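Each residue of the sequence shown is one higher than the last, beginning at 395 in my numbering.
Each residue gets a CB set at the ideal place from its N, CA and C atoms; glycine is no exception.
Because the structure is a prediction, the values reported are computed rather than measured.
Notes follow the structure.
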Amino acid sequence: MDFRNMISQTPTGKQLSEYQLNLLSKNNIETLFDFHETTEKKLHELLAIPKESVLEIKKELAELWLRQSQEEGPPEVEYGTGIEELDKLLDFVDQPFKSGRIWELCGHPGTGKTLFMYTLALNFVWKHSQQVLFIDTKSDFSCKRIQDLLLARNWDAATCERVMRAIHVVQAPTDTVLIDVLKTLDEQVTAQVDEALKTKLVVIDSLVPCYVHYRGDEMFKVRQALLTELACRIHRLAARGLASVIGNVSFPSEDKDDCMDVSVDFPTQNKQDQRLNCG
């Protein structure tokens, strides 16, 4: 859909005048991702609207794009996690792990989130012969832990080597690097690069190192804007059939008994987005 038509279908964007829309074109902001990658400060100054309105338009455009992408996306493929009891539970609630799914994995530190992601990655490449992009934001990816998991399964050497080769690890210590990694993958999928087309699962371990330092009321809107951009990138990959699992840290809520708050509030835009709690 034409970008002007898209923006006119959003509650906040449709309030922009023809003059303001022309200003976007004159400044080479002609697509959804041009708009999303332009800073809030520049759009605020260019369009002479509050920064809050800029953030709202970005959010509304991402939600609109997601709805349209779901209608046009590839057929779903049911993967499963390879963890029998979990797959039974997911089938029971009619939420099996499929292509295009986005899972947010939450829990206290030390509750096994990283181990779960290692296990899921191993099961995925072994069962489906596809590749996994494992994005390590903590700079602590452990080949030894992966090797220990492989040894426990008594797989032959050729299978172990195939599995290890199919898990591509990239370090992303900042939010900027994280976005760049996802953007590069998306561009390669668009360009039909063979290695990128083999990647069907993205694992991010975890959100916290990239975003937790955006603290306080003044930084809240900045963090939400950055997380909205991240969500848009991940949902764009989901629309192309890639599944994602994203690690996060949770802690007991101060407001409600038996509830959990998360350190980084990742925006969910889809009823099929799932938040799973470890521990």
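CA-CA distance, residue i and residue j?
| i | j | result |
| --- | --- | --- |
| Cys653 | Cys672 | For Cys653, the pLDDT reaches just 48, beneath the cut-off of 50, and the residue's location in the model is therefore unreliable, leaving the point undetermined. |
| Val571 | Ala637 | 20 Å |
| Ala619 | Ser533 | 25 Å |
| His522 | Tyr473 | 8 Å |
| Thr425 | Leu418 | 10 Å |
| Asn421 | Pro490 | 44 Å |
| Asn548 | Gly506 | 22 Å |
| His502 | Gln403 | 40 Å |
| Asp569 | Asp481 | 32 Å |
| Gly610 | Ala625 | 21 Å |
| Asn399 | Leu458 | 11 Å |
| Leu509 | Ser600 | 12 Å |
| Tyr605 | Leu576 | 16 Å |
| Arg461 | Phe427 | 16 Å |
Please confirm whether residue i and residue j have their CB atoms less than 8 Å apart.
| i | j | result |
| --- | --- | --- |
| Val658 | Leu595 | no |
| Glu434 | Lys445 | yes |
| Phe518 | Val563 | no |
| Ile640 | Glu498 | yes |
| Tyr512 | Leu544 | no |
| Glu470 | Thr406 | no |
| Asn633 | Gly494 | According to the sequence shown, residue 633 is Ala rather than Asn. Yes. Within cutoff. |
| Thr338 | Pro567 | Outside the shown range of the chain, which is 395 to 673, sits residue 338, and nothing can be said about it. |
| Asn642 | Phe660 | yes |
| Leu670 | Cys537 | no |
| Val557 | Leu516 | yes |
Quick check on residue i: does DSSP put it in helix, strand or coil?
| i | result |
| --- | --- |
| Gln414 | helix |
| Gly610 | helix |
| Gly747 | With the chain running from 395 to 673 in the structure shown, residue 747 is simply not present. |
| Cys653 | Any answer about Cys653 is weak, because its pLDDT of 48 lies below 50 and its placement is not dependable; what the coordinates show is given next. Here Cys653 sits in coil by DSSP. |
| Phe486 | helix |
| Ser638 | strand |
| Lys615 | helix |
| Ile443 | coil |
| Asp569 | helix |
| Lys532 | coil |
| Gln525 | strand |
| Val658 | coil |
| Thr432 | coil |
| Thr578 | helix |
| Thr593 | strand |
| Glu479 | helix |
| Thr425 | coil |
| Trp549 | coil |
Assuming residue i and residue j form a contact by the criterion Cβ under 8 Å, report the distance between their Cβ atoms to the nearest whole angstrom.
| i | j | result |
| --- | --- | --- |
| Val616 | Tyr608 | 6 Å |
| Thr475 | Leu514 | 6 Å |
| Lys592 | Gln524 | 6 Å |
| Val587 | Phe528 | Not quite, the Cβ-Cβ distance comes to about 18 Å (not below 8 Å), so this is no contact. |
| Gln414 | Leu441 | 5 Å |
| Arg539 | Asp580 | Rounded, the Cβ-Cβ distance is 29 Å, inconsistent with contact. |
| His430 | Lys452 | 6 Å |
Across which residues does DSSP place residue i in a beta bridge pair?
| i | result |
| --- | --- |
| Leu499 | Gly641, Leu670 |
| Val557 | Answer is none; Val557 lacks a bridge partner. |
| Asp599 | Asp530 |
| His562 | Leu527 |
| Glu472 | Lys492 |
Quick check: is the beta carbon of residue i nearer than 8 Å to any beta carbon in chain C?
| i | result |
| --- | --- |
| Asp574 | Absent here is chain C; the protein component of the structure consists of one chain. |
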